[in-house]
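Shown next, in structure tokens, is the structure this report addresses.
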Amino acid sequence: MKAPTLAAGLFLATQASAQTLTVYAPDYFTSEWGPGPRIEELFEAQCACELEFKPGDLLPRLMLEGDRTEADVVIGLNTDVTKKARESGLFAPHGVDLSGLTLPIEWTDDVFLPFNYGHTAFVYDTTRLDAPASFDALLNAPDDLRLVIQDPRSSISGLALVLWVQSVYGDKAQEAWEKLAPKIVTVTKGWSESYGLFTDGEADMVLSYTTSPAYHIIAEDDETKKAAIFPEGHYFMVELAAKVASTDEPELAQQFMDFILSHDFQSMIATGNWSIPAALDKSEWPEGFQKLDLPDTVLFYSEDEAAALRDQAIEAWRAGLSQ
Amino acid sequence: MARRSFAIIAGLALAACTLGPILAVLVRAGGFGQISAADWQAVRFTLVQAALSAGFSVACGWPVARALARRRFPGRGLLVTLMGAPFILPVIVAVMGLIAVFGQNGLVNAGLGALGLPKLDIYGLHGVVLAHVFFNLPLATRMMLQAELAIPSERFRLAASLGLTPRAYFRLIEWPLILRIAPGAFAVIFVICLTSFAVALTLGGGPRATTVELAIFQAMRFEFDLGRAAMLSLIQLALALSAGLVALKLSRWDGFGLGRGRAVARWDGRGRLGRSIDGLAVMLAAAFLLVPLGAVIWKGLPGLALLGSDTARAALHSLMVALGSTALCLAWALPLATRRGELWALSAIALSPLVLGAGLFLLLRPWVNPLDWALPVTGLVNALMALPFALRILRPEAEAVTRDFGRLRATLRLTSWAWFRLVWLPRLRRPLGFAGGLTAALAMGDLGVIALFADPDRVTLPLQVYRLMGAYRMEAAAGAALLLLMCSLALFWLFDRGGRVGADV
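Going down the list, the sequences are from chains A and B. Its first residue numbered 1, the first sequence is counted upward by one per residue in this note's numbering. Its first residue numbered 324, the second sequence is counted upward by one per residue in this note's numbering.
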């Protein structure tokens, strides 16, 4: 029975040192190419505290831990889990003024705070393909167009795609999938595998984000990768942060939530996370981002609508591709 | 007495590490979840692809193993080592290698195009099976090669001096050997393919290729339905145990008896037909396995220059995990090298890593901070996952040693320690080396349960590959994958070679 004593000792020991803010984040966040290190540096400069990232599966881990979690803040949630997360009662209102947001949709959520966004889009190589001008044109394109997508049951971008098709085609979603089926080379577990297939030349188009070309423009000086923009609209994808209700550092947690919409954070996040800042005027975006083709119409389901449509949208996908 | 208590301890530890996590998840979920019609469809597809993959791997592995056992040619040792590589490659890397060969713009299609033939489409059930055979053919081959080499040379001398016809030779020597090894090899490969997910999905071409593991992933990650996840993983477990039971029932042992352990010289298959069959088998297998590996190397070379010190650190962590896993796995395997032990161990690879991770997380959490235990837990899980392979390799040899030398032991009244040191270990050196190499290489390449136990300061190499890909750095990711391949192969070679020094392989 030594372990609890030891654990208690360690607990007291950490209490005695400087205040620590524990932030749960997705794994990619904390790698040297993710936004984590910059966030840590900027925040520690203003809080006289220590920020500690704990990367990994966000919500599954939090749910397993319940209110005994050591997390103070969670960053990197997607809208697909907000409903479950809200219902768990693990999160507290963020208390941040949302008037500074520059999102293409209205955002009034008092628990989940957006920090960057993008849209689903099919990314292609201009040297290999003339992009279809609309979603309809893509459906009717010759079957030798080779597309790779992600599975809606294992990836967030895949789920956004089926909701995108659902919002464009409604009851005709399954027919749309049937038309798309012969062009789909394969469906991968996650975004990385798909994007790898695309850069390897195995596919002409890949389901990705409107912001993906920014990486190629800025980091590789390559302007041949573009997102095909469809007049039917593109599905909105946003990343969120939230404050954990059981935090033992409520003031630090609040300070961090306020920091998320600050100019420092927002002007770093574009190239830090290859996404569009949630609260920054376009004129202040990095040049590569200003060059991006962005959609005029943005489609989005609230979490309740998405929850109600999800099974139907996935079933349309499954049935359409299983023909 | 001592051996028996070791076996009991090892068996209890195995049960605690497999059933414990599932129970923990079930308790947390408050019971079982619902299984839908789509889930049963997934079960069916999982069974079909696993059975086909295991069947082809074993059927194709046999001629290759026989050829390697009875032929000597330059580069044979290297080939035997290299052929182990696909099995230990991380999934994503292997898939990329396969696509470079069989994909739309792959070598095969380039060749077909040049000949004016229609293109081959890799995506579908056949693609899934092809990939699984790519992964598991080396394992099947090595298991059977190991068994071939364990036949005492006296049997071959006798067969040659009796002038056995090829038919009689097959009936008296080869067929009993197949009966002894093939069902076990089939069962292990079948169980590995049961939990396949990313390969099945990517090469399956869409939702028709849905496996049980994908349903578990969905339940854990998206729906947070622990009860459903636990239920599905119990179904997976039941399938694996049934396969194991059937294999044990089928695999008969007739025995070749004891030999003096001299170098094996063989007189069979010396005719022109035998020689061409062997040559063809080796060449086809080598091309099938090595060309995709070559593609991985080719694509990874430019990326090697892009790797930083953090990748080197990740490689170091992976090496530590691999060595720890190997030590643990071999210590665990030796007392369990019995029929019952092997059957139980099969359940370890049939367990969904996600459920295992969640269960361990729940079990550890009241005592320690799971995040501080990322590397030890990864090591433990990798050892657990490799245990069935280690046992499959060790058990036939271990049983043979006990059977063949048991009387000697009784006559000389050897103490347990003397028996272990003088007979057991030296006789088992070759399979121990192979099993150790396999475990080390597997532990190098496995992502395991790291998702729940990720530690920012202790990243492993496979995780680094995914991180690089996630950050659009595909070229660097290919470099890191090549590094991973080299580390895995080097470890495999060291152990395997260590087991073969002075032995006739």
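Positions of the beta carbon are idealized from the N, C-alpha and C atoms, including for glycine.
Who are the Cβ neighbours of residue i in its own chain at under 6 Å, not counting the five residues just before and after it?
i	result
A510(B)	A566, G567 and A570
V782(B)	A637
D362(B)	A538
Can you tell which of the options has its C-alpha closest to the C-alpha of residue i?
i	options	result
G702(B)	L679(B), A521(B) and S648(B)	S648(B)
G528(B)	Q312(A), Q46(A), V148(A) and T297(A)	V148(A)
Y301(A)	A71(A), G190(A), I105(A) and T20(A)	I105(A)
A542(B)	D171(A), F259(A) and P152(A)	P152(A)
T247(A)	I269(A), D67(A) and E40(A)	D67(A)
L462(B)	F545(B), G378(B), P441(B) and W747(B)	G378(B)
A758(B)	V348(B), W621(B), C652(B) and A423(B)	C652(B)
W274(A)	H263(A), S262(A) and G288(A)	G288(A)
F115(A)	P60(A), L163(A), P250(A) and H94(A)	H94(A)
I96(A)	T108(A), K172(A), T271(A) and N78(A)	Ile is not the amino acid found at residue 96(A); the sequence shown has Val there. Ranking the options by Cα distance to V96(A), first place goes to T108(A).
S208(A)	S31(A), A141(A), G118(A) and R318(A)	G118(A)
R128(A)	A48(A), F91(A), G34(A) and V206(A)	V206(A)
V162(A)	P295(A), Q254(A), M237(A) and S267(A)	M237(A)
What's the gap between the Cα of residue i and the Cα of residue j?
i	j	result
T369(B)	A454(B)	14 Å
V185(A)	L430(B)	18 Å
S359(B)	V522(B)	23 Å
I269(A)	E239(A)	11 Å
G356(B)	V678(B)	14 Å
A437(B)	F611(B)	20 Å
I260(A)	F122(A)	29 Å
L145(A)	A203(A)	8 Å
I504(B)	M466(B)	8 Å
P699(B)	V644(B)	7 Å
L500(B)	L337(B)	29 Å
L487(B)	W498(B)	14 Å
G354(B)	D311(A)	23 Å
For residue i, is the classification buried or exposed, using 16 other Cβ atoms within 10 angstroms of its Cβ as the cut-off for buried?
i	result
D601(B)	buried
T282(A)	Correcting the residue identity first, residue 282(A) is Lys in this sequence and not Thr. The residue in question, K282(A), is exposed, as its Cβ has fewer than 16 Cβ neighbours within 10 Å.
W655(B)	buried
G760(B)	buried
D57(A)	buried
D110(A)	exposed
L485(B)	exposed
P26(A)	buried
A131(A)	buried
P693(B)	buried
L731(B)	exposed
F479(B)	buried
D125(A)	buried
I75(A)	buried
N432(B)	buried
K189(A)	buried
Apart from the five residues on each side of it in sequence, which residues of its chain come closer than 8 Å, Cβ to Cβ, to residue i?
i	result
P711(B)	V511, V514, E665, A668, L669, A671 and I672
T5(A)	With a pLDDT of only 44 at T5(A), under the threshold of 50, the placement of this residue in the model should not be trusted, and no figure is reported.
S134(A)	F230, P231 and E232
L806(B)	G623, L627, L630, T634, A638 and L784
F457(B)	P409, A417, L421, F611, L612 and P615
W285(A)	A270, I276 and P277
G682(B)	G343, P344, I345, L346, A347 and V348
H216(A)	D222, E223, T224 and K225
Using a Cβ-Cβ cut-off of 7 Å (strictly less than) and excluding sequence neighbours within five positions of residue i, which residues of its own chain qualify?
i	result
A181(A)	G320, L321 and Q323
G420(B)	P615, L616, A618 and V619
A721(B)	A660 and L751
L707(B)	C340 and A671
A13(A)	Summary for A13(A): the model assigns pLDDT 44, below 50, so the residue's position carries little reliability, and this model does not support an answer.
F11(A)	With a pLDDT of 45 at F11(A), under the threshold of 50, the modelled position of this residue cannot be trusted, and the question is left open.
V828(B)	Caution applies to V828(B), whose pLDDT of 39 falls short of 50 and renders its modelled position unreliable; the model cannot decide the point.
Any beta carbon of chain D sitting closer than 8 Å to that of residue i?
i	result
L694(B)	Absent from the structure: chain D. Protein chains present are A and B.
Just verifying my parser: in three-state terms, what is the DSSP assignment at residue i?
i	result
D827(B)	Low local confidence applies: a pLDDT of 45 at D827(B) is under 50, so the model's placement there is unreliable, with the coordinate-based value given in what follows. D827(B): coil per DSSP, three-state reduction.
E41(A)	helix
F396(B)	coil
G118(A)	strand
M809(B)	helix
P277(A)	strand
T725(B)	helix
E798(B)	helix
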